[in-house]
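Q: FYI, the UniProt record's numbering numbers position 88 of the sequence shown as 88, with every residue one higher than the one before it. Just so it is clear, CB atoms sit at the ideal spot from N, CA and C, and this is done for glycine as well.
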Amino acid sequence: MSSDFQLLSSIRYDSSLRDLAWNTAANDGAPSSYLLLRYHYDRLRDAAQEHGWAAAQDVTYNNLARACDEAVRIAFRDNSLNDTPLKLRILLNHTGMFAVSASPAASLNGPDPTSISLITLNGDGAILEDAASTILGSLLTIHLDTSPTPSSLFTRTKTTHRPQYTAARTRMGIPPLPTPTNEDVLMYTPSGELTETSIRNIAFLRHTPPQWVTPRASIGCLSGVMRRWLLEQGRIVEASEGELTKDEVVDGEYVMTFNGVEGCRLGRVTLASC
Numbered sequence: 001m002s003s004d005f006q007l008l009s010s011i012r013y014d015s016s017l018r019d020l021a022w023n024t025a026a027n028d029g030a031p032s033s034y035l036l037l038r039y040h041y042d043r044l045r046d047a048a049q050e051h052g053w054a055a056a057q058d059v060t061y062n063n064l065a066r067a068c069d070e071a072v073r074i075a076f077r078d079n080s081l082n083d084t085p086l087k088l089r090i091l092l093n094h095t096g097m098f099a100v101s102a103s104p105a106a107s108l109n110g111p112d113p114t115s116i117s118l119i120t121l122n123g124d125g126a127i128l129e130d131a132a133s134t135i136l137g138s139l140l141t142i143h144l145d146t147s148p149t150p151s152s153l154f155t156r157t158k159t160t161h162r163p164q165y166t167a168a169r170t171r172m173g174i175p176p177l178p179t180p181t182n183e184d185v186l187m188y189t190p191s192g193e194l195t196e197t198s199i200r201n202i203a204f205l206r207h208t209p210p211q212w213v214t215p216r217a218s219i220g221c222l223s224g225v226m227r228r229w230l231l232e233q234g235r236i237v238e239a240s241e242g243e244l245t246k247d248e249v250v251d252g253e254y255v256m257t258f259n260g261v262e263g264c265r266l267g268r269v270t271l272a273s274c
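(1) Quick check on residue 154 - is its C-beta less than 9 Å from some C-beta in chain D?
(2) Would you list the one or two residues that DSSP bridges to residue 211?
(3) Please identify the residue among 242, 175, 256, 176 whose C-alpha is closest to the C-alpha of residue 211.
(4) Thinking C-beta only, is residue 260 closer than 9 Å to residue 44?
(5) Going by beta-carbon coordinates alone, are residue 93 and residue 56 separated by less than 9 Å?
(6) Could you tell me which residues DSSP pairs with residue 172 in its beta bridges?
(7) For residue 148, which residues from the same chain have a beta carbon less than 7 Å from its beta carbon, with the 5 sequence-adjacent residues on both sides left out?
(8) In this structure, does DSSP put residue 251 in helix, strand or coil?
(9) Pairing CB atoms from the segment 244-253 with CB atoms from the segment 59-71, are three or more of them under 8 Å?
(10) Kindly indicate which residue of 174, 192, 111 has the alpha-carbon position closest to the one of residue 150.
(11) Can you tell which of 51, 54, 13 has the C-alpha that lies nearest to the C-alpha of residue 71?
(12) Which runs of the alpha helix (DSSP H) fall wholly inside the segment 39-69 and span at least 4 residues, in chain order?
(13) Determine the extent of the beta strand (DSSP E) in which residue 100 is found, giving its start and end residues.
(14) Among the candidates 241, 90, 32, 142, whose CA atom is the shortest distance from the CA of residue 101?
(15) Name the residue from 201, 241, 180 whose alpha carbon lies nearest to the alpha carbon of residue 87.
(16) For residue 143, which beta-bridge partners are listed by DSSP?
(17) Do residue 221 and residue 155 come within 9 Å of each other at the CB atom, strictly closer than that value?
(18) Quick one: grab the DSSP three-state call for residue 245.
(19) Just to confirm, is the Cβ distance from residue 258 to residue 117 under 9 Å?
(20) Around the Cβ of residue 239, are there at least 16 other Cβ atoms within 10 angstroms (buried) or fewer (exposed)?
(21) In or out: residue 264 buried (at least 16 other Cβ within 10 Å) or exposed?
(22) Over what stretch of residues does the alpha helix (DSSP H) that includes residue 262 continue unbroken?
Here it is in structure tokens:
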């Protein structure tokens, strides 16, 4: 099956990222317009190992950086984008070849795409409401799926083989990618443990005092690059077994979402009407 799909990673290119000390630190101390590029490289190599792609495991960071730089150069040359933010779609095949394409990306909601991870809930939710309305843009609407999605190699790794995510979006009436939308679907395993949305990792406010809690990787969710960074910084913690389940999700509760293009965003859960 190795020729039927490719490994996939999506990354943000944005000159404003060069001003963020944490992104510089994650790039071995060099300012970068790419959001956590070295983390994307690590994840692609890890995925190649999981799929048993020996040639793809041998790719170098410089191979990836050059492929991304070329995609950015072509985008600015051919589309007159004038250094606007870009979403880069990185593909890696089983022979170890990169293919990178670029398209315009939405602007960040604030100067630091991780700001929401520093905000926690007060007694009545006012802090999050204020953050959402003033510095973090509009809320995502996150629909709880109506059917479970079994975990597999294709949920643990990000690839172009994505029927499980397409099916979840279809069940909730969400347009297929890449159609822009402010909606996403919250997925869970057959045992009821929450995993992720169709394009974002997630965290819920739990514990006392409140912490952002993300599903544990061992249940088969994607170990995303922003998820890794947030865990390393102590901004989120992994859930214990059975801590995040679909049956305990409350209609209207907040959820933090995060990925390698948007950084962190805030959403609210919507439960299907009975």
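A: The short version:
(1) In the displayed structure, chain D is absent; only one protein chain is listed.
(2) 206
(3) 256
(4) no
(5) yes
(6) Answer by DSSP bridge pairing: none, since residue 172 is not bridged.
(7) 188, 189, 190
(8) coil
(9) no
(10) 192
(11) 13
(12) 54-57
(13) 98-104
(14) 90
(15) 180
(16) 185, 270
(17) yes
(18) strand
(19) yes
(20) buried
(21) buried
(22) Here residue 262 belongs to no alpha helix (DSSP H), and DSSP marks it neither H nor E.
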